[in-house]
Amino acid sequence: MITKLTEQKGCIIAEFIDLKRFTLAVTGEVKSELKPILSQEGNKMIFDFKNIEFIDSSGIGCIISLVKTAKSNHSEIKLCNISSEVMDVLELLHLPMILDIEPDLASALTSF
Numbered sequence: 010m011i012t013k014l015t016e017q018k019g020c021i022i023a024e025f026i027d028l029k030r031f032t033l034a035v036t037g038e039v040k041s042e043l044k045p046i047l048s049q050e051g052n053k054m055i056f057d058f059k060n061i062e063f064i065d066s067s068g069i070g071c072i073i074s075l076v077k078t079a080k081s082n083h084s085e086i087k088l089c090n091i092s093s094e095v096m097d098v099l100e101l102l103h104l105p106m107i108l109d110i111e112p113d114l115a116s117a118l119t120s121f
């Protein structure tokens, strides 16, 4: 299991445990763990990136795929605790314009 799921204030928090690199090697497992939850209507989920130091194109594709799944099922996803290195990659691709990114978990929880 790559994600640790907890619940706070009606939101599901997905924390990536023992994972520093979000790459092709883990995207299949991440999708299989999170897609069933996001396929249910009306869920609110926060991806906590506090342990992630690196993301490649496969990791970005995984996030976008999960966001599309969520939106098609009237669920919501927010990202938080993104390192400056990962944020640089997201900004290079103009993803903050389509992803809901909050600075920390507390901000993400109150932003729903």
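In my numbering, the protein residues as written are 10 to 121. Here a beta-carbon is modelled for each residue, glycine too, at the ideal position from N, C-alpha and C. None of the values given here were measured: they were computed from a predicted structure.
Per DSSP, the bridge partner or partners of A23: A23 is bridged to L14 and F56.
As assigned by DSSP and simplified to three states, the class of K77: Shown here, K77 sits in a helix according to DSSP, grouped into three states.
DSSP beta-bridge partners of K87: The partner list for K87 (beta bridge, DSSP) reads I55.
Contacting residues, own chain, Cβ-Cβ under 7 Å from K87 (five flanking each side not counted): Contacts found: I55, D109, E111, A117 and S120.
Residue burial classification, T12 (beta-carbon count within 10 angstroms, cutoff 16): The residue in question, T12, is buried, as its Cβ has 16 or more Cβ neighbours within 10 Å.
Cα-Cα separation, S48 to S74: Note on geometry: alpha-carbon atoms of S48 and S74 lie some 12 Å from one another.
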